[in-house]
Each structure stands twice: as C-alpha cells, then as structure tokens.
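Its first residue numbered 213, the sequence shown is counted upward by one per residue in my numbering. Where a beta carbon is used, it is the ideal one built from N, C-alpha and C, also for glycine. First up is the structure itself, then whatever we jot down about it.
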Amino acid sequence: MPSVRLQQVNKIYRSKRERVHAVRDLNLGITEGEFMCLLGPSGCGKTSSLRMIVGLESISSGEIWIGDRLVNDLSPQERNVAMSFESYALYTHLSVGENITFPLKAKGMPPPERRKRLVEVASMLEISSLLKMTPSSLSSGQMQQVSLARALIREPSVFLLDEPLSHLDVNLRVYTRNRIKRLHTELDTTMIYVTHDQLEAVALADRIAVMNFAELQQVGTREELLDRPANRFVADFIGEPPINFYEVEIQEDLRETTLRETSGAFSLPLPSRWESILDQLEGTVFEIGVRPHDITLHDRGYPQSVQGECEIFEFLGEENHLTLKVGEVRMTLVVSNREFFETGEKVTVYLDPNRIHLFSKDSGACLSSQLGSESASW
Ligand code: ADP
Ligand code: MG
213 MPSVRLQQVN
223 KIYRSKRERV
233 HAVRDLNLGI
243 TEGEFMCLLG
253 PSGCGKTSSL
263 RMIVGLESIS
273 SGEIWIGDRL
283 VNDLSPQERN
293 VAMSFESYAL
303 YTHLSVGENI
313 TFPLKAKGMP
323 PPERRKRLVE
333 VASMLEISSL
343 LKMTPSSLSS
353 GQMQQVSLAR
363 ALIREPSVFL
373 LDEPLSHLDV
383 NLRVYTRNRI
393 KRLHTELDTT
403 MIYVTHDQLE
413 AVALADRIAV
423 MNFAELQQVG
433 TREELLDRPA
443 NRFVADFIGE
453 PPINFYEVEI
463 QEDLRETTLR
473 ETSGAFSLPL
483 PSRWESILDQ
493 LEGTVFEIGV
503 RPHDITLHDR
513 GYPQSVQGEC
523 EIFEFLGEEN
533 HLTLKVGEVR
543 MTLVVSNREF
553 FETGEKVTVY
563 LDPNRIHLFS
573 KDSGACLSSQ
583 LGSESASW
C-alpha cells in the first residue's frame, strides 16, 4: 500500500482559443493508508489533480510518485490506482455484475476468479441482489454503490473518489459517507477523496488539502485548519457556521492597545499574545476572524465583552445559532440547546481572546497563526 507524492505538479489545458492553468505548483504528500480529502470550490483544480494521479490526464510539469515509482509516463493500468467518478460512467448495455467485473475482464482475468471477486465486493457493498439488473433500473444511490464496486474490484493500492456523493439526496449522502469511511477502515487503502463540501471533508478525512484558484492553500487535520488557518480563504471555507470577519484598526495609546472595529461597533483590548508580533505588523488596519464557537454568552462587564441585539435566532436542536446586530455589523455565535432568544433582546457576549485570528487586509495571510492558542491570555 504505497504513499502518493506530488511534486511541483502543474496542469495547463491548451486549446486554440485559451490556456487554462488548472493546477499550479502542487506539492502534496499522502501517507500510506491515509484518507486525504482535496477540498475547494468548483473549478479550483481538484478533478484535474485526481485525473493526473490516476493517469487519465497528462502532467504538464512536475512529478507524481506512487510508492517508490515515478508514474508520470505509466498508463492508468500500470499505476494500480482506481477511481470512482462523479458521473458513474456505467455501461447501459451491460448488467450490473458485468459492469463491475469489466475492469477485470479487460485485464484478461479468467471468469472463475472474476466471479469470486464479484461475490466478495458485492457482499461488502451489500449489492448482491442487484447484479443481474441493468444500470437504467437502479436508483442514484445504487448506481453510486456499483461505481464504487467497479473501482474496488481491482483491489487498487490507491483509491480515488471524485465527489461520490454529489448526486445523492441528503439521507443517502450520510449513509454512503459512513459506508465509504467504513470501507477505508476495512481495506486499509490509501484514499484520495475530492469534494467541495467542507462538512464531508471534515467527517471523512484524516487530513484535508484545501485548494483555491488552482493552488494549494493549506494541508492539515480538521483541528489544524480550524485553529491555525493559513489564510482568510481557509478560515472562511472551513467551519460551520462560518467564521465572523471584522475590519479592525489597531490603536495604541499610553495605557493600552486596542482593536477597534472600524465602524465603531466594538473595541477589544489587544490579545497579549499578539504583543510579540505588533512590531512586525505593517499598517494599522487588519481583519480579525472569530469563530461562532469561540464566542460565549456573558453578562459580566469584561473589557472583551461585546453588546448586541438578537437579530436572528435559529433553533437547530443540538445547538442553536444566534446572530446579533452589533452597531453596524453582525456577529454569529453558537449557543446551547437550552438557550432561547427573542428578536431585539439585548445580549452580551465574550470573545475568547486566545482564539481570535488576525489577517492581513492585502494578502489575506493569517498573521497570528504561528502564535498558537492554548496558553495565551489578554
Ligand atoms: P474542480 O474539479 O475543482 O471543479 P477541475 O479540475 O475540473 O476543477 O477544473 C479546473 C479548471 O480547469 C477549470 O477552470 C476548468 O474549466 C478547467 N478544465 C478542466 N478540464 C478541462 C479541459 N479538458 N480543457 C480545458 N479546461 C479544462
Ligand atoms: Mg471536479
């Protein structure tokens, strides 16, 4: 079961009319047996990256290694990598069973062995009763299982999945997601899973590689991406409900240094852990990000308290979302399922200073992530 390594990989599509740089200088290592998600908005280069790994798309420059083999010039068959596609790509004139065993037949495997593998994989995915049917009589959930079975039957050493849940309805999506997670545990295979849905990535992945505009933004565990986002894009893309952003000015006077929200909605003392980077900061206007889970209800007058008024209260069962109007800005926080609010109600909240993120207004780079978050205080 090998690891996969991409080194300075580029994909440029060229046609007479245009040139699209779909993947730019991608460096990414996936360790043996790891479940890696490639996450990013539509068009950011996820499918192109997978297709280069599997060998369906040429690599414009760079190197792709599977285990200790440089696979740039190897055919898809030689790479021992299998991919399950977003569009299931099933042959309509073949039965489900014939569709699943098709890759084995193409390899010239004798029928008895093909049948043995078919029985195994069909039982693993609980689709044994479908084998004689035709793809046109299947539901989308069943087609997804068949597409997975056809990839798995090759016993690939690396298994690639491209948005496998995108055509399924919500209930089936959670079910199939759990099944994929279980398959990963059972098979112990290296998996690379593409999605634009952060909740899927967070639920499945050991590590997540976040891409945007053809470039890798950050690779990390869910906690690393939440607690130490590399930039504003990652901070915004990961987290539910989304992070709150505010433009702030850093104001220094003799007594204290404060973060003042630029429309005057609130002021906070500067977190003490930021003192060490204060001298390195250029300019005075920045952006801060505060996650809804890092804001708590508080009725005492701490300097880091913020007063607002309930604008939207969403009762969601396990936890509730409260959006406050604070001056001209909005602030969303998560409250327990025992807290209820009326529109217009006055609310005081506390922003955890150890968990406020500071971003450059120009580049979006996170300026505070290297400071850590555990031991610091105001
Ligand atoms: P994603 O899977 O993240 O949505 P893709 O890898 O499919 O992104 O596409 C990345 C970019 O490359 C997009 O701008 C897309 O339009 C372009 N692209 C993808 N495939 C081709 C192709 N065969 N020819 C030209 N451009 C392509
Ligand atoms: Mg895609």
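ask   = Is there at least one non-hydrogen atom of the ligand MG closer than 7 Å to the beta-carbon of Val406?
value = Counting from one through the sequence shown, the residue named residue 406 turns up at place 194. Val406 Cβ: within cutoff of the ligand MG.
task = Note down the Cα distance separating Met345 from Pro441, rounded to an integer number of angstroms.
result = The residue given as residue 345 occupies position 133 in the sequence shown. The residue given as residue 441 occupies position 229 in the sequence shown. Taking C-alpha positions only, Met345 is separated from Pro441 by approximately 48 Å.
field: Whole beta strand (DSSP E) elements within the region 472-558, 3-residue minimum
entry: Complete beta strand (DSSP E) runs here, min 3: 479-481, 497-502, 507-509, 517-526, 531-538, 541-548.
Helix, strand or coil for Lys228? Go by DSSP, reduced to three states. The sequence position of residue 228 within the sequence shown is 16, counting from 1. DSSP, read as helix, strand or coil, puts Lys228 in coil.
Margin query: Closest to Ala294 by C-alpha separation, out of Ile265, Arg485, Arg226, would be which residue?
Written below: Taking the sequence shown and counting its residues from 1, one reaches residue 294 at position 82. The option with the nearest alpha carbon to Ala294 is Ile265.
- [ ] Within the same chain, show all residues whose beta-carbon is closer than 8 Å to that of Asp506, passing over the 5 residues directly before and after it, in chain order.
- [x] What you label residue 506 is simply residue 294 of the sequence shown in a count that begins at 1. Correct list, in chain order: Leu563, Asp564, Arg567, Ile568.
Check whether the Cβ atoms of Glu499 and Arg444 lie closer than 8 Å to each other. What you label residue 499 is simply residue 287 of the sequence shown in a count that begins at 1. What you label residue 444 is simply residue 232 of the sequence shown in a count that begins at 1. Yes, these two residues count as a Cβ contact at 8 Å.
- Straight-line gap, Glu398 to Val406 (C-alpha atoms, nearest Å): As a first step, residue 398 is located in the sequence shown; it is residue number 186 there, counting from the start. As a first step, residue 406 is located in the sequence shown; it is residue number 194 there, counting from the start. For Glu398 and Val406, the distance between alpha carbons rounds to 20 Å.
Compare the beta carbon distance of Thr402 and Gly245 with 8 Å and say whether it is the shorter of the two.
-> If you number the sequence shown from 1, residue 402 lands on position 190. If you number the sequence shown from 1, residue 245 lands on position 33. Contact flag set, yes.
Discussion item. Please return the same chain residues whose Cβ sits closer than 7 Å to the Cβ of Asn284, not counting the five positions on each side in sequence.
Written reply: On the sequence shown, residue 284 is found 72 positions in, with the first residue counted as 1. Taking C-beta separations shorter than 7 Å and ignoring five residues to either side along the sequence, the partners of Asn284 in its chain run Ile271, Glu275, Ile276, following chain order.
For Asp374, list the residues DSSP reports as bridge partners. In the sequence shown, residue 374 corresponds to position 162, counting from 1. DSSP lists Val406 as partners of Asp374.
inquiry  = My assumption, with CB atoms under 8 Å, is that His533 sits in contact with Pro453. Please give the rounded CB distance.
reply    = In the sequence shown, residue 533 corresponds to position 321, counting from 1. In the sequence shown, residue 453 corresponds to position 241, counting from 1. Between Pro453 and His533 the Cβ distance is about 6 Å, and since that is below 8 Å, they are a contact.
* Kindly give me the distance between the Cβ atoms of Leu250 and Ser261, rounded to whole angstroms, as I take these residues to be in contact under 8 Å. => Counting from one through the sequence shown, the residue named residue 250 turns up at place 38. Counting from one through the sequence shown, the residue named residue 261 turns up at place 49. About 6 Å separates the two Cβ atoms, so the contact holds.
- Query: Could you give the distance in angstroms between the alpha-carbon of Leu438 and the alpha-carbon of Glu531?
  - Reply: Here residue 438 corresponds to residue number 226 of the sequence shown, with the count starting at 1. Here residue 531 corresponds to residue number 319 of the sequence shown, with the count starting at 1. Leu438 and Glu531 have their C-alpha atoms some 19 Å from each other.
Q: Give me every residue whose Cβ sits closer than 5 Å to any heavy atom of the ligand ADP, in chain order.
A: This selection yields Tyr225, Val232, Ala234, Ser254, Gly255, Cys256, Gly257, Lys258, Thr259, Ser260.
Asp409: CB within 7 Å of a non-hydrogen atom of the ligand MG: The residue you call residue 409 lines up with position 197 of the sequence shown. Asp409: no, Cβ never under 7 Å from the ligand MG.
| Which residue or residues does DSSP assign as beta-bridge partners of Ser261? | The residue labelled residue 261 in the question sits at position 49 within the sequence shown. Answer by DSSP bridge pairing: none, since Ser261 is not bridged.
Worksheet item: Is Leu240 helix, strand or coil when you go by DSSP?
Response: For the purposes of this step, residue 240 is taken as the residue at position 28 of the sequence shown. It is a strand residue.
key: 8 Å Cβ shell around Pro376 - same chain, five flanking residues per side excluded   = On the sequence shown, position 164 is the one that residue 376 refers to. Result list for Pro376: Ser296, Glu298, Gln356, Ser359, Leu360, Thr388, Ile392, Tyr405, in chain order.
| How about Glu310: is its Cβ closer than 7 Å to a heavy atom in the ligand MG? | Here residue 310 is taken as the residue at index 98 of the sequence shown, counted from 1. Relative to the non-hydrogen atoms of the ligand MG, the Cβ of Glu310 never comes closer than 7 Å to any of them.
At a threshold of 7 Å, does Asp374 count as lining the ligand MG (C-beta to nearest heavy atom)?
Position 162 of the sequence shown, counted from the first residue, corresponds to residue 374. Yes, Cβ of Asp374 sits closer than 7 Å to a heavy atom of the ligand MG.
- Going by DSSP, name the residue or residues bridged to His396. Residue mapping note: residue 396 aligns to position 184 of the sequence shown, counting from 1. According to DSSP, which records beta bridges pairwise, His396 is partnered with nothing at all.
Report the three-state DSSP secondary structure of Thr313 (helix, strand or coil).
Locating residue 313 in the sequence shown gives position 101, counting from the first residue. DSSP places Thr313 in helix when its eight states are reduced to three.
Nearest by alpha-carbon distance to Asn292: which of Leu364, Phe527, Val422 is it? Within the sequence shown, numbered from 1, the residue matching residue 292 stands at position 80. Ranked by Cα distance from Asn292, the first of Leu364, Phe527, Val422 is Leu364.
*asked:* Measuring only the C-alpha atoms, how far is Ser479 from Gly501?
replied: Working through the sequence shown from its first residue, we reach residue 479 at position 267. Working through the sequence shown from its first residue, we reach residue 501 at position 289. If you take the alpha carbons of Ser479 and Gly501, they lie about 14 Å apart.
| said: For Thr555, count the other beta carbons within 10 Å of its own beta carbon; 16 or more makes it buried, fewer makes it exposed. Which is it? | reply: The residue labelled residue 555 in the question sits at position 343 within the sequence shown. In this structure Thr555 is exposed. Its beta-carbon is surrounded by fewer than 16 other beta-carbon atoms within 10 angstroms.
For this session: Express the C-alpha separation of Leu302 and Asn311 in angstroms, rounding to a whole number.
Result: Along the sequence shown, read from residue 1 onward, the residue named residue 311 stands at position 99. Along the sequence shown, read from residue 1 onward, the residue named residue 302 stands at position 90. Whole-angstrom Cα-Cα distance: 7 Å.
Residue(s) in a DSSP beta bridge with Ile278
Here residue 278 corresponds to residue number 66 of the sequence shown, with the count starting at 1. Looking at the DSSP output, Ile278 shares a beta bridge with Val216, Arg281.
>> With distance defined between alpha-carbon atoms, name the residue in Gly257, Leu579, Pro323, Leu466 nearest to Phe425.
In response: As a position in the sequence shown, residue 425 is number 213, starting the count at 1. Taking only the C-alpha atoms, the option nearest Phe425 is Gly257.
Inter-residue Cα distance where the pair is Ser548 and Arg263: The residue given as residue 548 occupies position 336 in the sequence shown. The residue given as residue 263 occupies position 51 in the sequence shown. Annotation: Ser548 to Arg263 spans about 44 Å, alpha carbon to alpha carbon.
- If we count Cβ pairs, one from each stretch, closer than 8 Å, do we get three or more for the region 213-226 versus the region 369-383? Yes, they touch.
Q.
What would DSSP say about Phe449, mapped onto helix, strand or coil?
A. Taking the sequence shown and counting its residues from 1, the one referred to as residue 449 is at position 237. Reduced to three states, the DSSP call for Phe449 is helix.
Quick check: the Cα distance between Leu579 and Ile450, rounded to an integer number of angstroms?
Locating residue 579 in the sequence shown gives position 367, counting from the first residue. Locating residue 450 in the sequence shown gives position 238, counting from the first residue. Roughly 18 Å between the two C-alpha positions.
- Where do the ends of the alpha helix (DSSP H) carrying Ser296 lie? Taking the first residue of the sequence shown as 1, we reach residue 296 at position 84. From DSSP, Ser296 is part of no alpha helix (DSSP H) but of the beta strand (DSSP E) over 293-296.
query: Is the CB-CB distance between Leu428 and Ala417 below 8 Å?
result: By one-based count along the sequence shown, residue 428 stands at place 216. By one-based count along the sequence shown, residue 417 stands at place 205. Taking 8 Å as the Cβ cut-off, Leu428 and Ala417 do not qualify as a contacting pair.
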